[in-house]
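Chains as they are written, first to last, in this note's numbering: chain A, 21 to 157; chain B, 21 to 157. From the three backbone atoms N, C-alpha and C, an ideal C-beta is built for every residue, glycine too. These notes concern the structure reproduced below.
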DNA sequence: CACCTCACACTACCAATTGTAATGTTCGCA
DNA sequence: TGCGAACATTACAATTGGTAGTGTGAGGTG
């Protein structure tokens with residue numbers, strides 16, 4: 021399975037995951053390989069949460085392919101299948117492709133506006149890349 | 021209400037709508053203001069479909085703000101609140117902004133690759149726009 | 001005038017997704 | 001040898017989208 025929806029009314033990891041899923045991924049991405057208990061304890065620091073709830077969601081994340089589960093004796097250790105950077109890289113690439121594929125020229129028109137608003141320096145960066153690409157040929 | 025999610029595993033209008041919703045929007049965007057019956061008849065040409073099913077989904081689309089409903093005597097006429105062009109414009113803009121906001125420089129790195137793959141001419145177009153923007157200042 | 005039909009409203013059910021949690025099972029160790 | 005921790009199984013609730021039955025009201029026709 022994979023991520024197949026990008027939520028426009030959320031932000032951060034919540035764009036890709038449900039709220040509990042997102043908190044779990046956040047923990048796993050900012051720490052070492054962990055057992056369910058470890059995750060549950062960390063979550064419980066903010067909000068009491070049932071162990072089984074955490075287990076269910078984590079196993080679902082395994083089914084989705086974003087977590088890897090490994091048996092270590094009688095406990096299971098979990099870690100993301102991709103680093104956060106890889107994940108964002110993959111997602112942003114996929115979304116960029118999808119956007120271009122779906123909207124083509126329309127998106128090009130927005131890119132500059134969006135870039136300027138987000139960070140004008142990015143426009144420079146983009147131009148550099150275009151120049152580099154041209155030289156290549 | 022509005023569109024909250026962009027599906028990466030679908031294409032076309034199905035990225036924004038459920039399958040039946042998408043077919044309904046397609047019809048409404050490619051024809052005049054219509055009654056439920058009109059839409060149902062058109063849909064039924066491909067697949068038998070219950071009048072009430074169509075009505076329910078169309079009313080939900082009104083709730084979501086993508087259709088406008090207008091009483092004409094005892095029948096209701098429906099039409100999109102935005103033209104298809106406006107809708108795609110809005111969506112692509114929103115998504116582009118979201119993407120930049122969420123990923124910033126990461127997306128810039130992908131844009132060229134994506135552009136090149138989608139249509140190399142778009143890169144030209146983008147460069148033109150950058151030049152135009154520079155002159156402006 | 002009674003009635004029938006048609007358009008619409010209301011309500012409900014199903015499947016999938018996500019959060020929640022009770023109950024059941026297994027296995028190591030005290 | 002039986003307890004407790006970790007895991008498995010199962011299920012329920014809310015939400016979203018597809019489906020459709022039943023109820024209501026208004027207009028035309030016999």
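Cross-chain neighbours of residue i in chain A, by beta carbon under 7 Å
i, result
"residue 121 of chain B", "138"
Segment limits, alpha helix (DSSP H) that includes residue i
i, result
"residue 147 of chain B", "140-156"
"residue 64 of chain B", "56-64"
"residue 36 of chain A", "Element bounds for residue 36 of chain A: n/a, residue is neither H nor E."
"residue 80 of chain A", "71-83"
"residue 112 of chain B", "104-123"
Chain B residues whose Cβ lies nearer than 7 Å to that of residue i
i, result
"residue 8 of chain A", "Past the edges of chain A, shown from 21 to 157, lies residue 8 of chain A, and the structure says nothing about it."
"residue 35 of chain A", "122"
"residue 63 of chain A", "Simply none; closest approach about 24 Å."
"residue 109 of chain A", "126"
Residue i versus residue j: straight-line alpha-carbon distance, rounded
i, j, result
"residue 91 of chain A", "residue 104 of chain A", "23 Å"
"residue 85 of chain A", "residue 102 of chain A", "10 Å"
"residue 88 of chain B", "residue 46 of chain B", "15 Å"
"residue 107 of chain A", "residue 79 of chain A", "19 Å"
"residue 64 of chain B", "residue 134 of chain B", "39 Å"
"residue 126 of chain B", "residue 139 of chain A", "13 Å"
"residue 119 of chain A", "residue 112 of chain B", "7 Å"
"residue 20 of chain A", "residue 143 of chain A", "No information on residue 20 of chain A is available, as it lies outside the stretch 21 to 157 that chain A covers here."
"residue 75 of chain B", "residue 50 of chain B", "19 Å"
"residue 77 of chain A", "residue 67 of chain B", "38 Å"
"residue 25 of chain B", "residue 97 of chain A", "32 Å"
"residue 155 of chain B", "residue 114 of chain A", "33 Å"
Amino acids of chain A, ordered along the chain, whose beta-carbon sits closer than 8 Å to that of residue i
i, result
"residue 112 of chain B", "119, 122, 123, 126, 127 and 130"
Chain-ordered chain B contacts of residue i [CB-CB under 8 Å]
i, result
"residue 150 of chain A", "132, 143, 146, 147 and 150"
Exposure label - residue i; buried when at least 16 CB within 10 Å
i, result
"residue 5 of chain B", "Given a span of 21 to 157 for chain B in the structure shown, any question on residue 5 of chain B remains unanswerable."
"residue 53 of chain B", "exposed"
"residue 130 of chain A", "buried"
"residue 60 of chain B", "buried"
"residue 110 of chain B", "exposed"
"residue 41 of chain B", "buried"
The beta strand (DSSP E) enclosing residue i, as first and last residue numbers
i, result
"residue 92 of chain B", "87-92"
"residue 27 of chain A", "25-27"
"residue 96 of chain A", "95-100"
Where residue i meets chain B, residues with beta-carbon distance less than 9 Å
i, result
"residue 24 of chain A", "27, 28, 29 and 30"
Any non-hydrogen atom of the ligand NAP within 7 Å of residue i CB
i, result
"residue 109 of chain A", "Absence of the ligand NAP is noted for the structure shown, with no ligands found whatsoever."
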